[in-house]
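Residue numbers (the numbering used here): 64 to 1094. All C-beta atoms in this analysis are idealised placements derived from N, C-alpha and C, irrespective of residue type, glycine included. Nothing here was measured: the structure is a model prediction, and the numbers come from that model. The structure under discussion appears below in the form of structure tokens.
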């Protein structure tokens, strides 16, 4: 009987075909010629005919032209080649002895490793060792390779399956470190490979033609039919080339840092460049996220870079650690700093003098000229002549050469020169267009203020950032034009600055080899104990921020023209601060915002633990109180679907493991629920002294009966309605006039009175009075949960749970937590949150599903891509019975919202690796995010932490209920002030995990919150139709 060929059999057949295709790859049989060559080279090695080195050996047989295509062979036996027969076992410490070779005879288990080389691939034939305890270990195992003091002795670098030779690695490093692009290096290696094999084929053709002409194979048809073997190309791709470059830099990072830390100077200049850092970032959740906005560098009078750092924002606090390191370096060298040139001299003068002492801080001449040059049109015919004349403003009389030879003159001379320049050029125009535009004149006026302050006098000839700008241009060639990861950016900038410094030194000493910098390994004798760090990880306090950071944010857009534009604003020059909004300054306000956030976090975690339903998540739209307007309970507005409303309300309560505790419908149902709950709070919450003291102060105590408490609550409600906060409740009066508001409010002193328009706002008033949040489960389709947060302080994280049935004329019941028992009784008990804080009711419930479920067992191939037990249509018996999965269930990838089964680790995961990861592999696996975290540099991410979301929504809610302006700038500033407040107040330090966020991220989050409010408006309108236009 023929069996139809189905899809699984096709896949199996294809795999079998792929396995048995003969090719010289890892794990596949080698050709007889190659096996013979390996055997003969091993035999020569064991006889001692080969030197005890790890050079590449080639086997060539003049009688067999196929040997010309054989790869080179590396015999790797470090036990005898380097350790002279004494090598301890990494597992037990016993001496290792040779056991066998990875020579390819048993191709399934003893295949040699293929290595990419410059012209041909190479086979790594390693020896296998064993100790007395029969611990077998291969000679290229990472644990053995780590025993080498000099990694240069190892002739290869391995990946999981392949590897590269050391000489190819050196070739890649030389070319990439010299500034060659990765794709150019890839092209070069491919051309070298093709050139070599073309020469081999030509040589083979010549040998065959010579043999044929000599008659050696005249009658041999095999020579005529001979086809040259096709050798598969094994060259590193662009990704591996980049990784080799990055790996080499970080293995020598201490040398690069030590070399840079060995330079000093007598006059320093610093500057921020924005274009270099504009494309440095990381990939996160499919989004490219920029991590830095500028590169800060410090150079000396010879143009040698002393330090550099990738920064977020241009605040002084971000680079202070870097500058302190330079100061310590100068002190150790005994060099006195003569001055400092910077673009924003007036804003940073006192800050720099706080680090370097009382030194002259001058405005950088290059930026002073560029401020004027940027305001003159580039195509103006007199632009060049005007700028040449302007540069003479800062020259001494007679110093008119191409380069300045003397220090800048005194301020009086410069002011005279400036007046002469303005007088000569202010009225010159071509085709009706003046050379000095209005903007240029404004910049000249600002520059005059700097001259009058002495910011430009006495600057030495070599001081300034003109050479620094040339260095910025060289950096942009390799970093600016494409997206680049953080690790790659640090390696690229570090090597580029090293080449820059070495060329400046060669120029200084007059060397003819200035274009060819020496390798950094030449400076291996430098002290490695330098405390200075460059690139990333310099800023030691990532959670702090300065006013400049608040102004700039973490994702400031790069300047359009870095070389000609201002790197600082006029406000930065004079150190002024412009604040458009009144900042929140009182500690009490910050306490209120954080209490809002703590309550929302506690409630959300509590509800999510009961039912992980996305539509039930706590958010700011549930806390604005708008849905209370829908609670109108007058008979003429009552809904006729009372039974459906009751069923809907019970289903919501059951999902959250609550149940209704019925209250009599006498008009006091709401107040009776509050009274019973407060009695429970006074009995249970003995640890919350603030709450108990406050409740007793307003007349709520355990000595009073429920009826007395209800009367007290009614009096408190009337006082709240008619007090200073009456404007919060007057908006609920829709049909009545304002004059009747006081009359309506006084009616609440009468027992049983509730059915009125002001009755809708009683929950809000009660929350404000008691300073306790309320959570109301409702039967309304679009508002299953409504929260009311007190306007003032939140004295209890545990809210009062209520159930409101909108059917009929409306009714409140108490919502109590359900505990499952095997008895048929129903009792009510009150416990604290630590022992179930809420009111609870024991009820008869169906027993737990006995058999369990087996969802997802038939889908083993989609591990991690599917979730089960979370939908009704999945037919999961646990989910359908509103029960969580337990240990009796055999389901996979369980996502049951009522309780997930604990998955055993490793059952469906990948098998453990047999090969340990090599150093190059580990470096490739390290992500940019992991690298930044290792450097204590907090990555900027698109994902908001849970605590951050609660704080930002609580801040939004506070600004909303206090009728304050909600703008991105306002929220950005207040959010970061709250972070600072949390770090200073002990009670919040371990409660919230908050990170500084960029202004753009906060703007997007505000748009998202406002979008939720707009959706809530539509739901509100729809719910009005459900409630009152049901006909």
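Among all the DSSP beta bridges, which residues are the ones paired with residue i?
i, result
"residue 361", "333 and 370"
"residue 95", "Paired residue(s): none; residue 95 is not in a bridge."
"residue 1150", "Lying before the first or after the last residue shown, residue 1150 is absent from the chain, which here runs from 64 to 1094."
"residue 256", "For residue 256, which the question treats as bridged, DSSP gives no partner whatsoever."
"residue 375", "In the DSSP output, where bridge partners are listed per residue, residue 375 has none listed."
"residue 176", "187"
"residue 163", "191"
"residue 228", "219"
"residue 878", "723"
"residue 404", "332 and 425"
Output yes or no for whether 8 Å exceeds the beta carbon distance between residue i and residue j.
i, j, result
"residue 364", "residue 525", "yes"
"residue 435", "residue 474", "no"
"residue 1006", "residue 1061", "no"
"residue 842", "residue 709", "yes"
"residue 151", "residue 206", "no"
"residue 166", "residue 135", "no"
"residue 266", "residue 225", "no"
"residue 546", "residue 342", "yes"
"residue 518", "residue 408", "yes"
"residue 405", "residue 382", "no"
"residue 948", "residue 938", "no"
"residue 877", "residue 740", "yes"
"residue 420", "residue 369", "no"
"residue 446", "residue 440", "yes"
"residue 144", "residue 195", "no"
"residue 730", "residue 792", "no"
"residue 391", "residue 597", "no"
"residue 432", "residue 386", "no"
"residue 555", "residue 572", "no"
"residue 602", "residue 384", "yes"
"residue 173", "residue 367", "no"
"residue 105", "residue 188", "yes"
Assuming the contact rule is C-beta atoms closer than 8 Å, residue i and residue j should be a hit. Round their C-beta distance to whole Å, please.
i, j, result
"residue 477", "residue 457", "6 Å"
"residue 959", "residue 933", "6 Å"
"residue 235", "residue 248", "6 Å"
"residue 318", "residue 599", "The Cβ separation is near 18 Å, so there is no contact."
"residue 128", "residue 345", "Incorrect: roughly 52 Å between the Cβ atoms, too far for contact."
"residue 1018", "residue 1041", "7 Å"
"residue 839", "residue 867", "5 Å"
"residue 659", "residue 422", "Their Cβ separation, rounded to whole angstroms, is 49 Å, which puts residue 659 and residue 422 out of contact at 8 Å."
Nearest CA to the CA of residue i: which residue from the options?
i, options, result
"residue 531", "361, 149, 233 and 213", "361"
"residue 944", "869, 828, 717 and 835", "717"
"residue 356", "347, 350 and 340", "340"
"residue 768", "1016, 745 and 373", "745"
"residue 875", "197, 822 and 375", "822"
"residue 1115", "1069, 586, 391 and 815", "No information on residue 1115 is available, as it lies outside the stretch 64 to 1094 that the chain covers here."
"residue 324", "389, 168 and 495", "389"
"residue 1038", "654, 103 and 495", "654"
"residue 138", "203, 294, 313 and 410", "203"
"residue 1066", "359, 1029, 542 and 774", "1029"
"residue 200", "211, 142, 500 and 953", "142"
"residue 246", "216, 299 and 579", "299"
"residue 787", "805, 986 and 773", "805"
"residue 715", "755, 537 and 847", "847"
"residue 212", "250, 330, 159 and 146", "146"
Does the ligand HEM have a heavy atom nearer than 7 Å to the CB of residue i?
i, result
"residue 245", "Here there are no bound small molecules, and the ligand HEM is not part of this structure."
Please decide whether residue i counts as near chain B, where near means a Cβ-Cβ distance under 8 Å.
i, result
"residue 1071", "Of the protein chains in this structure there is only one, and it is not chain B."
| message | Three Cβ pairs or more, each shorter than 8 Å: is that satisfied between the stretch 849 to 865 and the stretch 653 to 667? | response | yes
| Counting Cβ pairs, one atom from each stretch, are 3 or more of them under 8 Å apart for the stretch 829 to 839 and the stretch 777 to 791? | yes
| query | Can we say the stretch 481 to 490 touches the stretch 504 to 512, given the rule of at least three CB pairs closer than 8 Å? | reply | yes
| If you pair each beta-carbon of the stretch 396 to 403 with each one of the stretch 485 to 503, do three or more pairs fall below 8 Å? | no
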